[in-house]
Amino acid sequence: MSLPTTKRVNSAMLQNCVGETVRLVGEFKSNSLYGTKFVEVIGSVNPDRSITEWTSSNFGDDFNMETYDAMVVKAQKFPSVF
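Heads up: the sequence shown at position 25 corresponds to 25 in this note's numbering, and the numbers run straight through without jumps.
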């Protein structure tokens with residue numbers, strides 16, 4: 001299955017992405033059904049800013065969200081690089 005090109009977003013960007021396909025990395029504060037603390041979800045953004053998941057990837061239990069968020073912000077400013 002081939003997935004469409006997806007842009008990386010953070011939670012603050014979801015309101016501007018309704019109906020679009022996005023990649024979002026999130027951190028579970030309690031037990032995760034995914035088996036790890038950090039998970040990337042690819043899916044479409046719903047009007048309530050939830051995501052209908054198409055696929056996901058486990059990012060493990062040791063992931064730097066601050067660095068990732070900085071990259072997401074840069075990717076929005078310089079999309080041709082990413």
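Just so it is clear, CB atoms sit at the ideal spot from N, CA and C, and this is done for glycine as well. All figures in this text were calculated on a predicted structure; none of them were measured in a lab.
| Item | Value |
| --- | --- |
| Would you check if the segment 6-20 and the segment 43-60 touch, i.e. whether three or more CB-CB distances between them fall below 8 angstroms? | yes |
| Identify which residue in S56, S50, D62, F82 has its Cα closest to the Cα of M13. | S50 |
| If you draw a straight line from the alpha carbon of F78 to that of V72, how long is it in whole angstroms? | 10 angstroms |
| Which residues in the same chain as F28 place their Cβ atom closer than 6 angstroms to its Cβ, once the five residues preceding and following it in sequence are excluded? | K37 |
| Report the residue ranges of all beta strand (DSSP E) runs contained in full by the segment 29-67; include only those spanning at least 3 residues, in chain order. | 38-45, 51-58 |
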